[in-house]
Amino acid sequence: MFLGAGLGYAFSANAGFKVVALGVNGGVEEGNLTSYLIRSDSQTRYLALDAGSVLPGISKALAKGSFPEVTAQNSAPFTPQGAVFRQLISAYFISHGHLDHLAGLIVASPQDSKKPIYGTNDTIDILRQHYFNWRVWPNFSDSGSGQRIGTYRLTALRPGQRASLGTSGLSGVVYPLSHGGVSSSMLLVSNELASQQQETFAFFGDTGADKQEKSRDLGAIWRVLGEEIKQHRLKGMIIETSFPNGVPDAQLFGHLTPALLLGELKNLEQAAGGAGSLKGLKIVISHIKPSLMAGADPRAEIMRQLEEGNRLGVHFIFMQQGDSQAF
Ligand SMILES: [Zn+2]
Ligand SMILES: [Zn+2]
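Basically our numbering = 1-based index in the sequence shown + 50.
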């Protein structure tokens, strides 16, 4: 038994999280789509947060040294890429049903090991009805139409209710997000330490701002995360910024710009105790939409616009595919 056996380390009082970026973009190019792995420092196995690009991201991360625990020797009979995929990823959380958040999981499914897939009722329904249905792909799940191959246990999470997530040693609570008429979600991940030492991390699926979406979903989430910050539990978050400033509301399709994210974070600051309360909070910016226009660099533009407007003192992080980061 590889990886599970020799590598579990003892509980550490300052356990945080490790995040590996398998894919960071929002659509357009298929090799680098939204997917992150998260692991508690006291555990060996990861939970995947979305699965737009999986195997290409694992290759990149291995090349960058982001999985030092994996070698050709301890991967046998699998390749290191196969060992990470089959043995280190213990479960998936899928934020919503869009292709750029789950394509990597679908195409790699014939070689995956048995594991659960978590999501809201909506997301699980989309996987069952529109992907694992023997029409677009064989049914690798344990429910739905036709023969059930059973690789994946499709598990719907009830909003606001805590659930254990596979063998990752993590638990999570899912909250609804509004994404241009599509139902998306945020997962608040906790490591299962003694409750007074519990630490949390927030992963946001695609979302628009409350005003544009005519929604209160983000407002409700800021109240939850405000409390996490007051209790010194929140270690960081991953949230989208799909487009640079200046995209008209009608063309946002349920996404954020730097100005809209900064406006929403102002509401989080309010909920977390007012001015200065977000200082140093680590925020990974995800889901930037690449441009095919010559000379355009939306990534650089978004980075500059976020830093220019950063009067909150938060720490914006721009992970590239294959990078790993401690929280
Ligand atoms: Zn997306
Ligand atoms: Zn989406």
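All C-beta atoms in this analysis are idealised placements derived from N, C-alpha and C, irrespective of residue type, glycine included.
- Message: One question on the structure: do residue 336 and residue 288 come within less than 8 angstroms of each other, judged by their Cβ atoms?
- Response: yes
- Compute every distance between the C-beta of residue 84 and the non-hydrogen atoms of ligand 1, then say whether any falls below 7 angstroms. yes
- Query: Measuring CA to CA, which of 357, 324, 319, 305 is closest to residue 77?
  - Reply: 305
- Task: Answer yes if the stretch 136-151 comes into contact with the stretch 227-241, meaning at least three C-beta pairs across the two stretches below 8 angstroms, and no otherwise.
- Result: yes
- Task: Label residue 216 either buried or exposed according to how many other C-beta atoms from any shown protein chain fall within 10 Å of its C-beta, with 16 as the threshold for buried.
- Result: buried
- In the DSSP assignment, find the alpha helix (DSSP H) that holds residue 278 and state where it starts and stops. 267-280
- Message: If the criterion is Cβ atoms closer than 8 angstroms, does the pair residue 372 and residue 114 meet it?
- Response: yes
- Name the one or two DSSP bridge partners that residue 142 has. 98, 167
- Message: Can you tell me whether residue 56 is buried or exposed? The criterion is at least 16 other CB atoms within 10 Å of its CB, across all chains shown.
- Response: Reliability fails at residue 56, whose pLDDT of 42 lies under 50, so the model's placement of it is uncertain and no value is given.
- Message: Is the separation between the beta-carbon of residue 204 and that of residue 176 shorter than 8 angstroms?
- Response: no
- Item | Cβ-heavy atom distance, residue 172 to ligand 1, below 7 angstroms | no
- Looking at C-alpha atoms only, which residue of 227, 139, 333, 281 is the closest neighbour of residue 209? 227
- Message: Given this structure, state the Cα-to-Cα distance separating residue 60 from residue 119, to the nearest angstrom.
- Response: Reliability fails at residue 60, whose pLDDT of 43 lies under 50, so the model's placement of it is uncertain and no value is given.
- Tell whether a beta-carbon distance below 8 angstroms holds between residue 331 and residue 365. yes
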